[in-house]
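Accompanying notes for the structure given below.
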Amino acid sequence: VEQDDKSTVSPLPETAQQHDARMQWWREARFGMFVHWGLYSGLAGTWDGKPVATRGGMEWIQQRVKSDTDTYAKEAIPKFKPTADFARQWATLAKQAGCRYLVFTTKHHDGFGLFDSKAGDYNAGSVLNRDLVKEIVEACHAEGLKVGFYHSVIDWHHDQYTYNKSKQLPHPLRGQAYANGPRDHAKYQDYLHQQVTELVSNYGPVDVLWWDYSSLDFQGDQAWRSSELMELVRSKQPGIIMNNRLFRTPEAGWSGMGTAGFIPQLDSKYGDFITPEQHIPATGMPGIDWETCMTLNTTWGFSDHDHAWKSDETLIRNLIDIASKGGNYLLNIGPKGDGSVPEESIKSMRTIGKWMNTNGEAIYGTTASPFKNLPFEGRCTCKPGNLYFHVFDWPADGKLLVPMTNTIRKAYLLSAPDKALTVTSTENGQIISLPAKSSDQIATVVVTEIAGE
Ligand code: JFZ
31 VEQDDKSTVS
41 PLPETAQQHD
51 ARMQWWREAR
61 FGMFVHWGLY
71 SGLAGTWDGK
81 PVATRGGMEW
91 IQQRVKSDTD
101 TYAKEAIPKF
111 KPTADFARQW
121 ATLAKQAGCR
131 YLVFTTKHHD
141 GFGLFDSKAG
151 DYNAGSVLNR
161 DLVKEIVEAC
171 HAEGLKVGFY
181 HSVIDWHHDQ
191 YTYNKSKQLP
201 HPLRGQAYAN
211 GPRDHAKYQD
221 YLHQQVTELV
231 SNYGPVDVLW
241 WDYSSLDFQG
251 DQAWRSSELM
261 ELVRSKQPGI
271 IMNNRLFRTP
281 EAGWSGMGTA
291 GFIPQLDSKY
301 GDFITPEQHI
311 PATGMPGIDW
321 ETCMTLNTTW
331 GFSDHDHAWK
341 SDETLIRNLI
351 DIASKGGNYL
361 LNIGPKGDGS
371 VPEESIKSMR
381 TIGKWMNTNG
391 EAIYGTTASP
401 FKNLPFEGRC
411 TCKPGNLYFH
421 VFDWPADGKL
431 LVPMTNTIRK
441 AYLLSAPDKA
451 LTVTSTENGQ
461 IISLPAKSSD
471 QIATVVVTEI
481 AGE
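Going from the sequence shown to this note's numbering is simple: count from 1 and add 30.
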C-alpha cells in the first residue's frame with residue numbers, strides 16, 4: 031500500500047512485543063541524567079540584585095518576578111555564555127556517574143530554544159549563532175549515551191500562546207502590547223509542531239521525548255494537538271520513548287502525572303512512561319513504566335542561593351530504592367550560564383559513579399524485588415539467576431537473614447566476588463555470614479546465585 035498521504039493513514043496499534051522491544055534499553059538503563067539549562071541559568075536565581083525565593087525552581091524565575099519576555103531576555107541573554115566544550119563536560123560527567131542516558135531542556139517554559147529554529151528567532155541559533163542542541167547530542171553520542179529532549183509545550187514568550195484560565199498556571203508574559211490583544215492559539219500550536227518537527231528531523235536518532243506539561247483544564251488534543259504531535263514524532267523516530275505529560279485526565283488530579291491508575295497500561299497513545307516528580311512511589315507498579323525525576327538540591331535550574339544539597343547516601347539509596355521497585359532515576363543537574371556544572375553536583379555524580387563501578391551489576395538490567403519486606407535495612411534487585419541484596423545497615427552480629435528457601439549456589443559481595451560467603455539454612459530463611467565490616471557504608475551489595483533459575 032502506498033502511504034504517501036500521512037493524514038489519511040492511521041498507524042497500526044503497536045503490539046505488546048513491539049512496545050517491549052522499544053522500551054528495552056530504557057528499562058535496562060535505570061539511571062539517567064536530567065539537565066535544566068537555558069536563559070534562566072545565567073540569572074542564577076537573582077533579579078534586580080536580589081535573591082528570588084526558590085519555590086518550585088529557578089527555571090521559573092521569569093514567572094516569579096512577572097517579567098515580560100523583552101525585559102527578561104535583555105537581562106538574561108548577556109549572562110548566558112556557553113563555553114566551547116560545555117556539552118562534552120556534561121556528557122563526560124553523565125558517563126562517569128554511570129548514567130546511560132541524558133535528557134536536557136531543548137526549550138523550557140520561558141520559550142527560549144537551545145536549537146537553531148527556522149520557526150522563530152527566540153533561540154540559540156538566532157541569538158548566539160550556535161546550535162546547542164546539536165552540540166549536546168553530539169557530545170552524548172560520543173560517550174555512547176542515549177539522548178532525550180525535554181520540551182516544554184508551555185511557552186510564556188509566544189505572542190499567540192493562550193492559556194490563562196487558571197490563576198495557578200502561567201499567564202503568557204509576552205510584552206504589554208500583547209497582553210490583552212486577541213490571540214490565536216492555533217498559531218502557537220503550528221509553531222510548536224514546527225519546532226518539534228525540526229527537533230526530531232535534524233539531530234539523528236532521538237531516544238526520548240520528555241513533554242512538559244498539561245493542566246487539568248488545558249491538556250491533550252485541545253491544548254497541543256497532542257495525538258497528532260505524538261504521531262508526528264513517531265513517524266520520524268519510530269523507536270522513540272515519550273512520557274505522558276501531553277495528556278491529563280480529570281481522574282488524574284494534580285498528582286496524576288506521577289501516579290499510576292490513569293494511563294491505559296499498554297496503550298502508548300498517551301505515552302510510554304509516567305514521571306513521579308521529586309518523590310519515589312511507595313511501591314512498584316507492575317505493567318507501568320515509571321521514572322522518578324529529582325533535583326540534587328531543590329531547584330531544577332541553577333541558583334546561587336540554593337545550598338540544600340542531598341547527601342550522597344540519600345542519592346545512592348534513592349537509586350537503589352527505585353531500582354528495587356522497577357523504576358528509573360532521572361537525576362538533575364542545573365548548569366550555570368556558561369554551561370559549567372556546580373562543584374557540588376560534580377562531586378555527587380562522581381560519587382554515585384564510583385559506587386556504580388563496583389555495584390552497577392546490581393542496578394543495570396535488574397527488575398523489581400520479589401520481596402514485600404526484608405528483615406534488614408536494605409533493598410533487593412534481581413536478574414535471572416541472581417538476587418542482589420543491597421545492605422544499608424550492616425548487621426552487628428555479621429548475620430544477614432535472607433527470607434527465601436531457594437538453594438543458594440554461591441553468595442559473595444560485589445566488592446569481593448572471589449570470596450565465597452558461608453550460607454546456613456534456618457526455619458525463617460537462610461543466613462549469610464558477612465565480614466565484620468561493610469565495604470561501603472552507604473550500601474554493600476550481597477549477591478546470591480540461585481540454582482536453576
Ligand atoms: C515541571 C516544570 O514546571 C519544572 O520547571 C521542571 O521542569 C519539572 C521537571 O517539570 O514541573 C511540574 C509540572 C507539573 C507539576 C509539578 C511540577 N504538577 O502538575 O504538579
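Every residue, glycine too, gets a C-beta built ideally from N, C-alpha and C.
Three-state secondary structure (DSSP) of residue 159:
coil
Do you know whose CA, among 64, 222, 446 and 175, lies nearest residue 142's CA? 222
*Does any heavy atom of ligand 1 sit closer than 8 Å to the C-beta of residue 185?*
no
- Task: Please determine, among 95, 96 and 165, the residue with the shortest C-alpha to C-alpha distance to residue 120.
- Result: 165
Coil, strand or helix - residue 420 by DSSP: strand
ask   = Straight-line CA distance for residue 445 to residue 90?
value = 43 Å
* So residue 139 packs on residue 185, CB below 8 Å; how close in whole Å? -> 7 Å
What are the boundary residues of the alpha helix (DSSP H) that residue 343 is part of?
342 to 354
With a threshold of 8 Å, establish whether the CB of residue 491 neighbours any heavy atom of ligand 1. Any question about residue 491 goes unanswered here, given that the chain covers just 31 to 483.
Inset, instruction - Within 10 angstroms of the Cβ of residue 305, are there 16 or more other Cβ atoms? Answer buried if so, exposed if not. - result: buried
request  = Using only alpha-carbon positions, find the residue among 256, 261, 314 and 236 that is nearest to residue 242.
outcome  = 256
Q) Looking only at its own chain, which residues have a Cβ that is under 6 Å from the Cβ of residue 125, when we skip the five neighbours before and after it? A) 173
Query raised in the report: In its own chain, which residues sit with a C-beta less than 6 Å from the C-beta of residue 355, not counting the 5 before and 5 after it?
Result: 314 and 398
Check: If you run the structure through DSSP and keep just helix, strand and coil, what is residue 186?
Finding: coil
Residue 365 burial status per 10 Å Cβ neighbour count (16 or more: buried): buried
Opening and closing residue of the beta strand (DSSP E) in which residue 359 lies: 358 to 363
Residue 183 and residue 236 closer than 9 Å at C-beta: no
### Query
What residues in its chain sit with their C-beta under 7 Å from that of residue 383, if we drop five residues either side in the sequence?
126, 127 and 128
- Tell me, please, whether the segment 364 to 379 touches the segment 435 to 455 by the rule of three or more beta-carbon pairs shorter than 8 Å. no
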